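**Student:** Protein sequence lines, in the order shown, are assigned to chains A and B. Here numbering that gives the first Met the number 0 is used: the first residue of the first sequence is 0, the next is one more, and so on. Here numbering that gives the first Met the number 0 is used: the first residue of the second sequence is 0, the next is one more, and so on.
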Amino acid sequence: MNIDDIKLQLYVDGELDKNEANEVDKFIQVNPAAKKKVEEYRQINNLLFEKYKSIEQENIPQRTVDLLIKEKKSFFKKLFNYEIKLVNALAAACIVLTIFTVSNYNFDNKNLDNLNVQSKTSILNELSNIIGEENISSLTSTINQLNIKYKTKREFENNVNENCKEIQFFDFKLNDINIDEAIFCEDKLIKLKFYKGDLKPI
Amino acid sequence: MNEDNKKELMIIMPRLRRYCYALTNNKENGDDLLHDSIVKILSKFDYLKIDNFQAYIYRLISNTWKDNLRKKYTRNEVTITAKNIENDPALSIKNEDNLDYISAKDSVFEKINNLSEKLKETLILVTVQKKSYKETAEILKVPVGTIMSRIHEARRILTEKNNEIVSETKI
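#1: In three-state terms, what does DSSP make of B:ILE92?
#2: Thinking C-alpha only, which one of A:GLN28, A:ARG41 and A:LYS25 is nearest A:GLY13?
#3: What does A:LYS61 reach in chain B if we use C-beta pairs closer than 7 angstroms?
#4: Could you check what DSSP says for B:LYS130 in three-state terms: helix, strand or coil?
#5: CA-CA distance, B:VAL38 and A:PHE193?
#6: Is B:HIS151 near the ligand HEM, in the sense that its beta carbon is under 7 angstroms from a heavy atom of that ligand?
#7: Which same chain residues, not among the five before or five after B:TYR18, have their C-beta less than 8 angstroms away from its C-beta?
#8: My output table needs one value for A:LEU188: the three-state DSSP class, helix, strand or coil.
#9: From what residue to what residue does the beta strand (DSSP E) around A:LEU173 run?
#10: Considering only their Cβ atoms, is the gap separating A:LEU138 from A:ASN174 smaller than 8 angstroms?
#11: Select from the region 5-30 of chain B all residues with a C-beta closer than 8 angstroms to any C-beta belonging to chain A, and list them in chain order.
#12: Find out if the Cβ-Cβ distance for the pair A:GLU19, B:THR158 is shorter than 8 angstroms.
#13: Relative to the C-alpha of B:GLU11, which residue among A:THR120, A:LEU126 and A:GLN56 is closest?
#14: Looking at the secondary structure, which residues open and close the alpha helix (DSSP H) in which A:LYS69 lies?
#15: Going by DSSP, what residue range makes up the alpha helix (DSSP H) through A:LYS36?
#16: Whole angstroms is fine: what's the gap from A:GLN167's alpha carbon to A:GLU180's?
#17: Could you list which residues in chain B have their beta carbon closer than 7 angstroms to that of A:ASP4, in chain order?
#18: Is there a Cβ from chain B that is less than 8 angstroms from the Cβ of A:ASP12?
#19: If we ignore side chains and look at the alpha-carbon of each, how far apart do B:THR23 and B:THR63 end up?
#20: Are the C-beta atoms of B:ILE37 and some chain A residue less than 8 angstroms apart?
#21: Going along the chain, which residues of its own chain have a beta-carbon closer than 7 angstroms to the beta-carbon of A:ILE130, five neighbours each way excluded?
#22: Quick one: using the 10 Å Cβ neighbour count with 16 as the cut-off for buried, is A:TYR81 buried or exposed?
#23: What separation, rounded to the nearest whole angstrom, lies between the Cα atoms of A:VAL142 and A:ALA90?
#24: Select from the region 166-182 of chain A all residues with a C-beta closer than 7 angstroms to any C-beta belonging to chain B, and list them in chain order.
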């Protein structure tokens, strides 16, 4: 019977079916080294589980519970409530957004700010959450070299009194991804709006 | 976020809190991590298409934890985990006669904090959160085989160092 460390690990973690588990059961009865390994793995599992389980019985901090209880949808959230992963939906949304943007904001290159490195990193992290880390790795060096310009559309405080800024980018493109707008609260990226391809109409 | 999502979030919040505590190895930092993550969830949720709500939340917590760690490193604010372990009542010695057990226990808690972020989050999801390999793979967006090898590597490191400490105690 060929039972290696990986199989012992799967056995301890309950990842084997009944027949395979029975095989391992028999194997460790006659193999002291394997038995010791299983005991070590179980000891680690038990130590970690026992240490952290007690916190489940304690009350959740009220400030965190309040976040859920007091959450109210802002007008802004309702207005932009769409699914950024769906290109088709984006195309429709972009029409509305572009008309809104063009009619209200005229970019003046003299008044644009440069995006700092931390904000660039936040945007990359967010994109990697959405389109996958493997797709984003190639963009890291590109974004670092880019001089990204933006204009602040509005500044406001969120429900935890952080200073937030809604910004619009000027010609911020990574391969086929056009990054359009973002909201930062205290340097944390809260919202990112982007679209793929050239779907945004002018 | 609709009311159903909120209810689900309230139900799983104690488990999410345990995950945050295990990642940070500190109750206060864990609570801060949970709070920050909930703020993010509430601000982003309406804009995303989410197939697996729980996996998304776990992933968001992991990413927030890693972001915070990187910020701390750049500000030189990394806490000395061994000291935290020393002062943590959850680690108080219960059986003073069993030196091997005590050494092994201290060693595991000390050394788990030296694991890489990827190994640590994977091990915690499987051992503390009792997630299956498939669920863990879905949360971390990697293949099941990667989970298997990460768990194996984490345990190899922990047991290796664990054995070293036990041997020293015996000498």
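We treat Cβ as the ideally placed atom computed from N, Cα and C, and that holds for glycine. Predicted model only: the values in this text are computed from it and were never measured.
**Tutor:** The relevant details are as follows:
#1: With a pLDDT of 39 at B:ILE92, under the threshold of 50, the modelled position of this residue cannot be trusted; read the value that follows with caution. Correct three-state label for B:ILE92: coil.
#2: A:ARG41
#3: First, the amino acid is wrong: residue 61 of chain A is Gln here, not Lys. Neighbours of A:GLN61 on chain B: none; closest Cβ ~11 angstroms, over 7 angstroms.
#4: coil
#5: 21 angstroms
#6: Questions concerning the ligand HEM fall outside what the structure shown contains, since it holds no ligand whatsoever.
#7: TYR57, ILE60, ILE123, LEU124, VAL127 and GLN128
#8: strand
#9: 162-173
#10: yes
#11: LYS5, LEU8, MET9, MET12, PRO13, ARG14, ARG16, ARG17, TYR20, ALA21, LYS26, GLY29 and ASP30
#12: no
#13: Before going on, a small fix: residue 11 of chain B reads as Ile here, not Glu. Looking at the Cα atoms, A:GLN56 is the closest of the given residues.
#14: Here A:LYS69 belongs to no alpha helix (DSSP H), and DSSP marks it neither H nor E.
#15: 31-52
#16: 4 angstroms
#17: HIS151
#18: yes
#19: 11 angstroms
#20: yes
#21: none
#22: Reliability fails at A:TYR81, whose pLDDT of 47 lies under 50, so the model's placement of it is uncertain and the value that follows must be treated cautiously. A:TYR81 is buried by the Cβ-count criterion.
#23: Sequence inspection shows Ile at residue 142 of chain A; the Val mentioned does not correspond to that position. Rounded to the nearest angstrom, the two C-alpha atoms are 24 angstroms apart.
#24: none
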